[in-house]
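For the protein sequence lines, the chains are A and B, in the order given.
Quick note on my numbering: the first sequence kicks off at 1048 and runs consecutively.
Quick note on my numbering: the second sequence kicks off at 368 and runs consecutively.
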Amino acid sequence: MKKLLVLTLVLLLIGIGTIAYYSQTEVEMEESHAGTPSFWSLSPSVRLMARTVYAESRGEPFLGQVAVAAVIMNRVRSEDFPNTISGVIYQPWAFTPVMHGLIWNVTPSPEAVRATLNAYNGWDPTYGSEYFYNPAKITSYWVTTRQTVRRIGKHVFAR
Amino acid sequence: MKKRWLTVAGIILAVAIAGYWGRNMYLTYQQMRSEVNNRYENAFQGLNDHIDDLESELGTVLLAGAPDNLAVNLSNIWESASSAQEDIGEIPIASDSLDNVKDLLQKTGQYAKHLEKEVVDGGIDEEDREIIKELHNKMSLVNRNLETIHDDMEQAGFRWSDKRRVKIDQDEQRFSITPLAGLLDLRDELNVDNISVKLKEVLPAGVIDFEPQDLITSLSQLDGEEIDQNQAIEIAQDFIRNPEEYEYEIIANEKIDIEGETVEAHVPAHTVRAVNTARANETIYFDISKVGGKVISLLNQREVGQAQIDEEEAQDIAIQFLEENEFGNLAVGSAKRFSDIMLLSIIPEQNDVLIKPDAINIEVALDTGDIIAYNGLDYILNHREREDARLEADLSLEEVEEKVSNDLDLIREPRLVLTEVDGEEILCYEFIGRITEEGTGSYLIQINANTGEEEVIKSIDQDFYKNVS
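What follows is the structure, encoded as structure tokens:
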């Protein structure tokens, strides 16, 4: 009798636990930088770019953030990629944080916003690179066949 | 006894809840999956359609007699080519899988755009006809191939959503057995070299960029001697105003260690990092060209506080900074403000003509007036003494002014500029203004100072800001 009761309770708890676990969004929330007026005065496509830059390169040196943003701009200019910022960013499987929806849970830091604008206005520490990757995390090695330009922080930039 | 029934009921309830929830999740998942599949399929279908359109539009151009029919079809071609390019960007395949199709689309589009400008009256000549025939052939080849692939996919029940981003490659057996392997055959069959050669013969320079500028090569072919790391640090110190406030180090970037493998890096610059000794979170990064020792860029990582100086002052500071670094004859080309940062484009002058291809970009922090970013890449690559004759206008400002629309309210004195149009430097009168009465949006009009033709007309708003506030 008692066993059965315990079993029921356990089952119920597991059920509730699973539901509670899955109905939560799995992404960690970042502390948002509320009161960054500059971010919200940007045009939507530049905001999208700033979000992507921030999600891809938070914790990287400023130079590395400008470099990630510059790769996006280089892709927009390249004939091998879509011709708009949103086309490049939403290209299937192009940017992991975009794929997982992480970009919507963060508000870019003022530094990432500045990095985005620097790249938007022509700064390019990657000298025309269209690819970047984190060698510690990379799963497919085909990007390594490209000419490596430089490493900044954790990211390797390649053309 | 009652208790037992309660327990049984509890278990049934728990299972029912879990089952109901699970079914809902499954249905949602199925729905999402098919939605993803539909979107990918739609993009692929769109590519098929646009290529199909291109084939018939190219055919129509070959046959069209009337100039206005010709013009309409040429602009259709340009539009279809760019739609097809967008479609490719939405298909989940690795970015280099359809290289030559992209190449073909880009060339077709640019060429149609060029013809449209050239043949407003009069038809196309024999040479152009040949090229269009060739493009038409290639396009139908792509069209046939894509249709076959599509047939195979449907028969094999291929679902895009089953795949991650698809890399089609002979080495990757996984995917080369799918219907998409047809894309591999397409790549082998479609050769666009021939067209490139022909286009190069007929097109004026700059319409299509056949060999896009390779920054790394250009920078390593600069005049001057190779410098070492210590010289790079000295150059960095000379460049800024308060060198004593920083500690310098070189960030080694010759070799990169990638997971135990050493890879050679190709960056054409020494990177100097300068950390402020008083304020630890202020770091400047310099890129200094290995050949010639020129400062390519400077980026200062620091927060910018409340603005203390005004925009005029910032312009003076930027010019003065450049003059201290031995740049002469400078004018402010454009000034945009973003929060407490002023972004300036500073342009060298020769014989009172602004040499736009040599522009230097500078950011001034409005709190202290520090230069927090500098980009001298264009100056380094392009700057040289232009021939005086190239900077003399045949037409006077008065003669050209008549051609500018009355709807443009000038906000700045017209000036002579040397500007790059389709890869060629052209002397123009530049008019900058707003549309009368409406008052929103600034526009730039550049009129050729020798022929009087309108070369460039475009909006020059601060496009990184949104329009509503």
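For each residue, glycine too, the CB sits at the ideal point set by N, CA and C.
Predicted model, so just to flag it, every value in this text is computed and none were measured.
Counting only Cβ-Cβ distances below 7 angstroms, residue 388 of chain B has contacts in chain A at 1066, in chain order. According to the DSSP assignment, residue 791 of chain B belongs to the beta strand (DSSP E) that extends over 791-802.
A contact between stretches requires three or more CB pairs, one per stretch, nearer than 8 angstroms, and the segment 1151-1166 of chain A meets this requirement with the segment 1088-1108 of chain A. Under the 8 angstroms Cβ criterion, the segment 594-611 of chain B does not count as touching the segment 669-685 of chain B, having fewer than three qualifying pairs. DSSP places residue 606 of chain B outside any beta strand (DSSP E); the residue lies instead in the alpha helix (DSSP H), whose first and last residues are 596-606.
Looking at the backbone, the Cα of residue 828 of chain B and that of residue 800 of chain B are separated by about 11 angstroms. Taking 8 angstroms as the cut-off, the beta carbon of residue 424 of chain B is found no closer than this to the beta carbon of residue 449 of chain B.
Counting only runs of 4 or more residues that sit fully inside the segment 719-792 of chain B, the alpha helix (DSSP H) segments are 744-749 and 764-768, in chain order. Within the model, the alpha-carbon separation for residue 398 of chain B versus residue 622 of chain B is close to 48 angstroms. For residue 660 of chain B, not one C-beta of chain A is nearer than 8 angstroms to its own C-beta.
In the same chain as residue 492 of chain B, and ignoring 5 residues on each side of it, no C-beta atom comes closer than 6 angstroms to its own.
Between residue 482 of chain B and residue 441 of chain B, the CB-CB gap stays under 8 angstroms.
Of all residues in the segment 383-409 of chain B, only 384, 385, 388, 392 and 407 come within less than 8 angstroms of chain A when Cβ atoms are compared, listed by chain position. With 16 or more other CB atoms across the displayed protein chains lying within 10 angstroms of its CB, residue 445 of chain B is buried. Contact check for residue 615 of chain B and residue 600 of chain B: beta-carbon distance about 5 angstroms, within the 8 angstroms limit, so the pair qualifies.
The three-state secondary structure of residue 644 of chain B, taken from DSSP, is coil. In this structure, the CA atom of residue 514 of chain B is about 7 angstroms from the CA atom of residue 415 of chain B. With its beta carbon at least 8 angstroms from every one in chain B, residue 1098 of chain A lies outside the interface. Beta-bridge analysis with DSSP links residue 631 of chain B to B:622.
Close CB contacts of residue 642 of chain B within its chain, under the 7 angstroms cut and outside five residues either way in sequence, are with 613, 614 and 650 (chain order). Neighbours of residue 1167 of chain A across chain B, judged by C-beta separation under 8 angstroms: 831. Closest in C-alpha terms to residue 632 of chain B, from the list A:1200, A:1194 and A:1201, comes A:1194. Listed along chain A, no residue sits closer than 8 angstroms to residue 644 of chain B by beta-carbon distance, the nearest being about 18 angstroms off. Shortest Cα-Cα distance from residue 704 of chain B to any of B:436, B:382, B:494 and B:830 involves B:830.
Residue-level contact by beta carbon fails for residue 1144 of chain A and chain B, as no gap is shorter than 8 angstroms. Within chain A, no residue has its beta carbon less than 9 angstroms from that of residue 598 of chain B; the closest one is some 20 angstroms off.
When the five nearest sequence neighbours on each side are left out, the beta carbons in the same chain lying within less than 6 angstroms of the beta carbon of residue 816 of chain B are those of 760, 762, 794, 795 and 796, in order along the chain.
In terms of beta-carbon proximity, residue 377 of chain B lines the interface with chain A, with at least one pair separated by less than 8 angstroms. Interface flag for residue 1095 of chain A against chain B is unset, since no Cβ pair is found closer than 8 angstroms. Within the segment 1099-1110 of chain A, the residues whose Cβ lies closer than 8 angstroms to any Cβ of chain B are, in chain order, 1108, 1109 and 1110. Around the beta carbon of residue 668 of chain B, a 10 Å sphere encloses 16 or more other beta carbons of the protein chains shown; the residue is thus reported as buried. Chain-ordered listing is empty here: chain B has no CB closer than 7 angstroms to the CB of residue 1181 of chain A, the nearest sitting near 10 angstroms.
With contacts defined as CB atoms closer than 8 angstroms, residue 1182 of chain A and residue 1203 of chain A qualify as a contacting pair.
Between the alpha carbons of residue 718 of chain B and residue 782 of chain B lies a distance of about 12 angstroms. Near chain A, meaning a CB-to-CB distance below 8 angstroms, no residue of the segment 499-526 of chain B qualifies. Assignment of residue 1206 of chain A by DSSP, reduced to helix, strand and coil, places it in the coil class.
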